[in-house]
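For reference, the structure is listed below as C-alpha cells.
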Amino acid sequence: MAKLTRRSVLAGTAAVATTALGAGPSFAAAPLAGKQAPAFYRYKIGSYELTAIHDGVWMRDIDDKFVKNAPWAAVQKAMSDGGMTPGKLAIPFTTLVVNTGSKLVVIDTATGGQLTPTAGLFGANLAAAGIDPKDVDIVLISHFHPDHINGIKTKEGAIVFPNAEIKVPAAEWAYWMDDSNMAKQPEAARPGWLNVRRIFGDIAAKVAKFEGDKEVAPGITSIAAPGHTPGHTVFAIASGNQSMLCLSDTTNNPLLFARNPDWQAAFDTDGALAAETRKKLLERAVVDKMLVQGYHFPFPASGHIIKTGAFNYDLVPALWAAVDLIFAVTTTEGRPRGGPRIVLDTAVASLQQAHTVRMRPIDNRGRDPFTWKRYRCAVSQSEAAKRESGESGRVGHSIPELPPQL
Ligand SMILES: [Zn+2]
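Using the numbering used here, read the sequence shown as starting at 58 and increasing by one per residue.
Structural data, given as C-alpha cells:
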C-alpha cells in the first residue's frame, strides 16, 4: 500500500482539484479572508456576566532549558502529543472581564502589543465586545509578568483604564519593586524588572495592594498561589450559587503543565513551590468540579480539569455555546419544544460538565430562582408525573409544583 505522506496528500488534492476544474463548470475564486471573528466569549456565573477577551498567541521557541526537571525528550514528546511542533510552544493570552452589575472588573491586562507580533488584540477585542476601557472600575493584577501588566499602559505610556482603581498583590509589589531584589538578578532578567518600574513607577501612589483571601471586588476573592512568582494570585468568582476559579498562571499551556503538573518551567520564580501550588489548585478544581479559567489556556480559556492519572490532569475545554443552553430548550413562552426530555437531559449534562451550574437539590429553600425557573419551564409533563409517583427521572433533583400545562 502506498505510504500516505503530506506530499502525496497534497499532490492527490491538487490532482482532484485539477480534474474537477477541468471537467466541470468553472467556479469563481473566492479571496482568502485571512482574519478571525473578534475573539471574545461571554458566559454567566450567577448574575455576573463574564467576558473572556483574547489578546493573541505567542509561538515561543523553547529548548532543553525550558522545563528544569524533565528530560528534553519528554517535553518534546508532550508537545508532539499535544499537536504542537516540538520546540514551538503555543502560549495564548486571554484576560477576563467581570461585570458584577455594580462594577466592571478586568483581571489582567494582556500584552499591550509589546511582547510578540502575534498578540496585542486585547483592545480591539474589548471594543468588539462593546466594553469601553473608560468604564472599567477595577483592574486586578495576578502577578507582574509583562503579559499581565503591559496592557495597563500603551507603548507611549498613556493609562489605558483612566477611571479604574488598579489593585495588585501586596507580596508581588514587595518583591518586584524592591531594588535590592532587582540588583540580584542576572542581566538577562533585568528587562522584566525595568518593565515593572515602567508600568508602576509613576502611578505607585495610586496602586492599591491586597493580601490573599480578600474580597478585592464584589464577589471576587483573591487566593495566594505563590511559586510562579512570589505574589502570584488566583481569583475565585462567586455569584448566586455558582462559582468559578480564575487560575491565572497556575498552569501555563495545559498540554504540558496540567498533564505534567510537577514540571517546573524556567520562568517560575520557585519551581518546586509553583508545582505544589499547581497540584493543590488542580486537585481542588477536580474535586469541586469547578469551572476554571486559565490565562494561557486555549481560547476561550475556560473549562474543567479532569484527573487522568495519580499525578496527571487535563483540561476539558468549555463547550462553546452561542446561547444559554438551558434557555435553548425552552421557547420564549417558557414551553418546551419538541422532545424536551432528551434535549433537557443533554442540556443539563452539558451544563453540569461545562458550566458548573450547581444542580443542588432545587427546592423552595435553597434554590437559585433564575436557574430554577428556567429549569422548571423546560421539564416535560411526564417528568412531573414520574416524580409524583415517586420515581426519580434521569434529570433528578426535585422540582416542585409544576403547573399542569407543562
Ligand atoms: Zn503569563
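All residues carry an ideal CB built from backbone N, CA and C; glycine is no exception.
In this text, all values refer to a predicted model and were calculated from it rather than measured experimentally.
- Contact between the segment 199-218 and the segment 162-174: three or more CB pairs below 8 angstroms? Touching, per the Cβ criterion.
- Message: At a threshold of 7 angstroms, does His289 count as lining ligand 1 (C-beta to nearest heavy atom)?
- Response: For the purposes of this step, residue 289 is taken as residue 232 along the sequence shown, with counting starting at 1. Outside the cutoff, so no.
- For Tyr105, is the beta carbon positioned less than 7 angstroms from some heavy atom of ligand 1? Start at 1 with the first residue of the sequence shown, and residue 105 comes out as number 48. Not under cutoff, so the answer is no.
- Message: Measuring alpha carbon to alpha carbon, tell me which residue in His353, Lys346, Asn309 is nearest Val124.
- Response: On the sequence shown, position 67 is the one that residue 124 refers to. Taking only the C-alpha atoms, the option nearest Val124 is Asn309.
- Query: So, using beta-carbon positions, are Trp233 and Val264 closer together than 8 angstroms?
  - Reply: Within the sequence shown, the letter at position 176 stands for residue 233. Within the sequence shown, the letter at position 207 stands for residue 264. No. Outside cutoff.
- Assuming Asp112 contacts Phe218 under a Cβ cut-off of 8 angstroms, what Cβ separation, rounded to an integer in Å, is found between them? Mapped onto the sequence shown, residue 112 falls at position 55. Mapped onto the sequence shown, residue 218 falls at position 161. The pair is not a contact, with the Cβ atoms about 15 angstroms apart (cut-off 8 angstroms).
- Query: Can you tell me whether Met116 is buried or exposed, with buried defined as 16 or more other CB within 10 angstroms of its CB?
  - Reply: Residue mapping note: residue 116 aligns to position 59 of the sequence shown, counting from 1. Classification of Met116: exposed, given that the 10 Å Cβ count is below 16.
- Query: Thr290 and Pro226 look like a contact to me (Cβ under 8 angstroms); what is the Cβ gap, rounded to whole Å?
  - Reply: Taking the first residue of the sequence shown as 1, we reach residue 290 at position 233. Taking the first residue of the sequence shown as 1, we reach residue 226 at position 169. Between the beta-carbon of Thr290 and that of Pro226 there is about 5 angstroms, and that keeps the pair under the 8 angstroms contact cut.
- Task: Mark Lys224 as exposed unless 16 or more other C-beta atoms lie within 10 angstroms of its C-beta, in which case mark it buried.
- Result: As a working mapping, residue 224 is identified with position 167 in the sequence shown. Lys224 is buried by the Cβ-count criterion.
- Query: Touch check for the segment 306-323 and the segment 185-192: three-plus C-beta pairs under 8 angstroms?
  - Reply: no
- Beta carbon of Ala266, beta carbon of Trp230: below 8 angstroms? Counted from its first residue, the sequence shown places residue 266 at position 209. Counted from its first residue, the sequence shown places residue 230 at position 173. The identity of residue 266 in the sequence shown is Lys, whereas the question assumes Ala. At a Cβ-Cβ threshold of 8 angstroms, Lys266 and Trp230 count as neighbours.
- Could you give the distance in angstroms between the alpha-carbon of Pro426 and the alpha-carbon of Asp270? Taking the first residue of the sequence shown as 1, we reach residue 426 at position 369. Taking the first residue of the sequence shown as 1, we reach residue 270 at position 213. Residue confidence for Pro426 is low, a pLDDT of 36 falling below 50, so the modelled location carries little weight; the figure read from the coordinates is stated next. Their backbone Cα atoms lie some 28 angstroms apart in a straight line.
- Three or more C-beta pairs below 8 angstroms linking the segment 168-176 and the segment 345-362: no
- Query: Sorted by chain position, which residues of the same chain lie with C-beta nearer than 8 angstroms to Asn220's C-beta, five sequence neighbours on each side aside?
  - Reply: Numbered from 1 along the sequence shown, position 163 holds the residue referred to as residue 220. For Asn220, where only same-chain residues beyond five positions count, the Cβ hits under 8 angstroms are Lys191, Asp192, Val193, Asp194.
- Task: Can you tell me which of the three DSSP states Ser159 falls into?
- Result: Translated into positions along the sequence shown, residue 159 becomes position 102. If DSSP states are grouped into helix, strand and coil, Ser159 belongs with coil.
- Over what stretch of residues does the beta strand (DSSP E) that includes Trp115 continue unbroken? As a first step, residue 115 is located in the sequence shown; it is residue number 58 there, counting from the start. Unbroken beta strand (DSSP E) run through Trp115: 105-118.
- Message: Quick check: does the Cβ of Tyr352 come within less than 7 angstroms of any heavy atom belonging to ligand 1?
- Response: For this step, residue 352 is matched to residue 295 along the sequence shown. Yes - ligand 1 has a heavy atom lying nearer than 7 angstroms to the Cβ of Tyr352.
- Taking C-beta to C-beta, are Ile362 and Leu372 nearer than 8 angstroms? Here residue 362 refers to the residue found at position 305 of the sequence shown. Here residue 372 refers to the residue found at position 315 of the sequence shown. In this structure, Leu372 lies closer than 8 angstroms to Ile362 by Cβ.
- Buried or exposed: which applies to Gln299, given that a residue is buried once 16 or more other Cβ atoms fall within 10 Å of its Cβ? Your numbering for residue 299 matches position 242 in the sequence shown. So Gln299 ends up on the buried side.
- Given a cut-off of 8 angstroms, decide if Ala228 and Pro287 are closer than it, judged by their beta-carbon atoms. For the purposes of this step, residue 287 is identified with residue 230 of the sequence shown, where counting begins at 1. For the purposes of this step, residue 228 is identified with residue 171 of the sequence shown, where counting begins at 1. Yes. Within cutoff.
- Task: Whole angstroms is fine: what's the gap from Thr211's alpha carbon to Asp235's?
- Result: Here residue 211 is taken as the residue at index 154 of the sequence shown, counted from 1. Here residue 235 is taken as the residue at index 178 of the sequence shown, counted from 1. When rounded, the distance between both Cα atoms is 24 angstroms.
- Query: For Arg394, is the classification buried or exposed, using 16 other Cβ atoms within 10 angstroms of its Cβ as the cut-off for buried?
  - Reply: Locating residue 394 in the sequence shown gives position 337, where the first residue counts as 1. Low confidence applies to Arg394: its pLDDT is 36, below 50, so where it sits in the model is not reliable, and the reading given next is rough at best. It counts as exposed.
- According to the Cβ coordinates, are Val154 and Ile110 closer than 8 angstroms? The residue you call residue 154 lines up with position 97 of the sequence shown. The residue you call residue 110 lines up with position 53 of the sequence shown. Val154 places its beta carbon less than 8 angstroms from that of Ile110.
- Item | Status (buried if at least 16 other CB within 10 Å, exposed otherwise) for Pro248 | One-based indexing of the sequence shown puts residue 248 at position 191. So Pro248 counts as exposed.
- Trp250 versus Ala261: straight-line alpha-carbon distance, rounded: For the purposes of this step, residue 250 is taken as residue 193 along the sequence shown, with counting starting at 1. For the purposes of this step, residue 261 is taken as residue 204 along the sequence shown, with counting starting at 1. Roughly 15 angstroms between the two C-alpha positions.
- Message: Here's the rule I'm using: 16 or more other beta-carbon atoms within 10 Å means buried, otherwise exposed. How should Asn238 be labelled?
- Response: To locate residue 238, count along the sequence shown from 1; it is residue 181. It counts as exposed.
- Item | Enclosing beta strand (DSSP E) for Asn298 [first to last residue] | As a first step, residue 298 is located in the sequence shown; it is residue number 241 there, counting from the start. Looking at the DSSP string, Asn298 is not in any beta strand (DSSP E), and its letter there is neither H nor E.
- Proximity of Ile294 and Tyr105 at Cβ, strictly below 8 angstroms: On the sequence shown, residue 294 is found 237 positions in, with the first residue counted as 1. On the sequence shown, residue 105 is found 48 positions in, with the first residue counted as 1. Going by C-beta atoms, Ile294 is nearer than 8 angstroms to Tyr105.
- Item | Cα-Cα separation between Met301 and Pro311, rounded to whole angstroms | Against the sequence shown, residue 301 aligns to sequence position 244. Against the sequence shown, residue 311 aligns to sequence position 254. Separation of Met301 and Pro311 (C-alpha to C-alpha, rounded to the nearest whole angstrom) is 18 angstroms.
- Query: From this set, Asn369, Pro355, Tyr370, Lys364, which residue's C-alpha is nearest Ala96's C-alpha?
  - Reply: Numbered from its first residue, the sequence shown carries residue 96 at position 39. The option with the nearest alpha carbon to Ala96 is Pro355.
- Based on Cα-Cα distance, which residue from Trp129, Leu89, Gly158 lies nearest to Lys101? What you label residue 101 is simply residue 44 of the sequence shown in a count that begins at 1. A check of alpha carbon separations from Lys101 across Trp129, Leu89, Gly158 identifies Gly158 as the nearest.
- Which residues does DSSP pair with Ser199 in a beta bridge? Taking the sequence shown and counting its residues from 1, the one referred to as residue 199 is at position 142. Per DSSP, none; premise fails for Ser199.
- Look up Lys364 in the DSSP assignment and give the residues it is bridged to. Here the question's residue 364 lines up with position 307 in the sequence shown. Looking at the DSSP assignment, Lys364 forms a beta bridge with Tyr370.
- Less than 7 angstroms between the CB of Asp306 and some heavy atom of ligand 1, yes or no? Looking up residue 306 in the sequence shown gives position 249. Yes, since a heavy atom of ligand 1 falls inside the 7 angstroms radius drawn around the Cβ of Asp306.
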